[in-house]
Amino acid sequence: MPGEVTARFSPCQPGGVREGDGQADDNRHCPGGPPGRIIAGKELLLMTERDVDPVIKELQRRAQNVPALQPLLPVYEKLLRMEEEVEVPSLELARPPSTAAADLETGIFLLHDVEPPILAEAMGAVWRQVSDLATAHLVEHAATLKEMREWPEVGREEWLERMRDYFHTGQVAADDETRDLWVFLLVHTWRPFLRRWAAELAPLIDDAAWKKNHCPFCGGQPDLACLGMEGERYLVCSRCDTEWRYKRLGCVFCDNNDSSTYGYYPYQEGRYRLYGCKNCSRYLKVLDRRQAGGEWVSAVERIATIEMDMSALQAGYKGS
Ligand SMILES: [Zn+2]
Ligand SMILES: [Zn+2]
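One gets my numbering by counting positions in the sequence shown from 1 and adding 96 to each.
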């Protein structure tokens, strides 16, 4: 039960584990990494081009042991299928690799000076699909969602402004009652576009040069991380699934490394770690590949670990 999980999750308290467990914080490449794609000589841990059927099949299998996921599975299945079916035009970003390398060296993510290419028609169509899906599953918000569905038509300028704002800041200007609905629609409207564009530009990204805690491609924050076979840490962008290497120790969001306010709780016999930081009140879900083994797909891990999100949120932590 989520409540029982919540009661157990208390990093930095008895039962929680303090950070600083002697793992190397170096920049070595993981020789035991999974068989990811090879792009420009770089091994990627994540499958950026995925077949949605195996993802859904794996989620169905994992849901058998995750009660909180079972009622939400139909929504996630539809979102994943919709995401794969969206026809995303090429970004056609005129950015020579030398410029990209220079930007990354100075800590600037690749889309920093690019006006988000708001493809009003294509994005409006996705917006309506996501709205319909949300309406079917959030009956209590049906009337509000029905109105929001029409924003790309009846409130286009304001809708575009919010699309841009969300891209640049990750924030949305909305009242308390509708903010969660806005975030849901914005996240799932942007996601298919950013994922596809991130895959397109992946050859330009050399994460050895990237030392930031936000995504080298879109500037988004991580909502998932992975420890490689030597304990090295990779972060996964919550918006586009880009993965990048990041220093091993400390809170990803505020750099806190004080063991009295930063620590983790192991889940599923150490397969996962739920990190919590009392300095910034953020949490991060981490898969430990030394325990989990095999390949992993961020879309599966992000959703299959929903009880860790519930546990952290109920304990007062904030997500991405
Ligand atoms: Zn990103
Ligand atoms: Zn922190």
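All C-beta atoms, glycine included, are put in the ideal place defined by N, C-alpha and C.
Just checking my contact of residue i with residue j at CB under 8 Å: how many whole Å lie between their CB atoms?
i: Val-382; j: Leu-323; result: 6 Å
i: Ala-321; j: Leu-155; result: Not a contact, Cβ separation roughly 20 Å.
i: Arg-335; j: Gly-316; result: 4 Å
i: Ala-417; j: Ala-305; result: The structure shown does not extend to residue 417, since the chain spans only 97 to 416, so no value can be given for it.
i: Tyr-426; j: Leu-370; result: Because residue 426 is not part of the residues shown, which for the chain are 97 to 416, the question remains open.
i: Tyr-342; j: Asn-375; result: In fact, because the Cβ distance is near 18 Å, the residues do not count as touching under 8 Å.
i: Leu-165; j: Ile-402; result: 5 Å
i: Ser-416; j: Asp-319; result: 4 Å
i: Phe-313; j: Leu-297; result: 6 Å
i: Tyr-368; j: Asp-384; result: 7 Å
i: Ala-269; j: Arg-258; result: 7 Å
Compare the C-alpha of residue i against each of the options and name the closest.
i: Pro-248; options: Ala-159, Leu-241 and Leu-256; result: Leu-256
i: Phe-263; options: Val-222, His-208 and Asp-272; result: His-208
i: Asp-199; options: Asn-352, Asp-302, Thr-231 and Glu-236; result: Asp-302
i: Ala-218; options: Glu-236, Met-178 and Glu-254; result: Met-178
i: Asp-147; options: Gly-415, Pro-299 and Ala-395; result: Ala-395
i: Cys-311; options: Phe-205, Ser-407 and Leu-168; result: Phe-205
i: Glu-328; options: Leu-345, Asp-319 and Tyr-368; result: Leu-345
i: Cys-373; options: Asp-384, Val-250, Glu-326 and Asn-352; result: Asn-352
i: Asp-261; options: Met-325, Val-283, Glu-403 and Ser-407; result: Val-283
i: Tyr-363; options: Glu-253, Met-404, Glu-201 and His-237; result: Met-404
i: Glu-326; options: Gln-387, Glu-391 and Ala-230; result: Gln-387
i: Leu-409; options: Arg-258, Ser-377, Arg-252 and Ala-269; result: Ser-377
i: Tyr-152; options: Leu-168, Val-162, Leu-176 and Gly-412; result: The sequence given here places Ile at residue 152; Tyr does not occur at that position. Out of Leu-168, Val-162, Leu-176 and Gly-412, Leu-176 has the C-alpha closest to the C-alpha of Ile-152.
i: Asp-337; options: Glu-201, Arg-292 and Phe-349; result: Arg-292
i: Tyr-413; options: Thr-202, Val-162, Phe-349 and Val-268; result: Phe-349
i: Lys-307; options: Leu-168, Ala-159 and Gly-203; result: Gly-203
i: His-233; options: Pro-167, Cys-347, Gly-390 and Glu-254; result: Pro-167
i: Thr-274; options: Gly-266, Glu-254, Thr-265 and His-237; result: His-237
If you follow the beta strand (DSSP E) that residue i is in, where does it begin and where does it stop?
i: Val-348; result: Here Val-348 belongs to no beta strand (DSSP E), and DSSP marks it neither H nor E.
i: Leu-383; result: 379-384
i: Glu-339; result: 339-342
i: Ala-321; result: 318-323
i: Tyr-330; result: 329-333
So the alpha helix (DSSP H) residue i belongs to, where does it begin and stop?
i: Arg-367; result: Taken as a continuous stretch (DSSP letters only), Arg-367 belongs to no alpha helix (DSSP H), as it is neither H nor E.
i: Gly-359; result: Looking at the DSSP string, Gly-359 is not in any alpha helix (DSSP H); the run it does join, the beta strand (DSSP E), is 358-363.
i: Leu-176; result: 169-181
i: Asp-405; result: 402-410
i: His-284; result: 272-297
i: Gly-220; result: 216-233
i: Ser-194; result: 193-201
i: Pro-150; result: 148-159
i: Pro-248; result: 247-250
Using the Cβ count rule (16 or more neighbours within 10 Å means buried), how would you classify residue i?
i: Pro-150; result: exposed
i: Glu-339; result: buried
i: Asp-272; result: exposed
i: Ser-194; result: exposed
i: Ser-356; result: exposed
i: Val-250; result: exposed
i: Leu-215; result: exposed
i: Pro-299; result: exposed
i: Ala-239; result: exposed
i: Ala-411; result: buried
i: Glu-397; result: buried
i: Gly-128; result: Bear in mind that the predicted position of Gly-128 carries a pLDDT of just 28, short of 50, making it too unreliable to give a figure here.
### Segment contact, 8 Å Cβ cut-off, at least three pairs: the stretch 176-185 with the stretch 287-294
Short answer: they touch.
### Query
Do the stretch 238-252 and the stretch 263-279 touch if we need at least three Cβ pairs shorter than 8 Å?
yes
### Message
Does the stretch 213-223 come into contact with the stretch 161-177, if we say contact requires no fewer than three beta-carbon pairs (one atom in each stretch) closer than 8 Å?
### Response
no
### Query
Taking any heavy atom of ligand 3 as the mark, which residues have a C-beta closer than 6 Å to it, listed down the chain?
With respect to ligand 3, the structure shown offers nothing to examine, as its ligands consist of ligand 1 and ligand 2.
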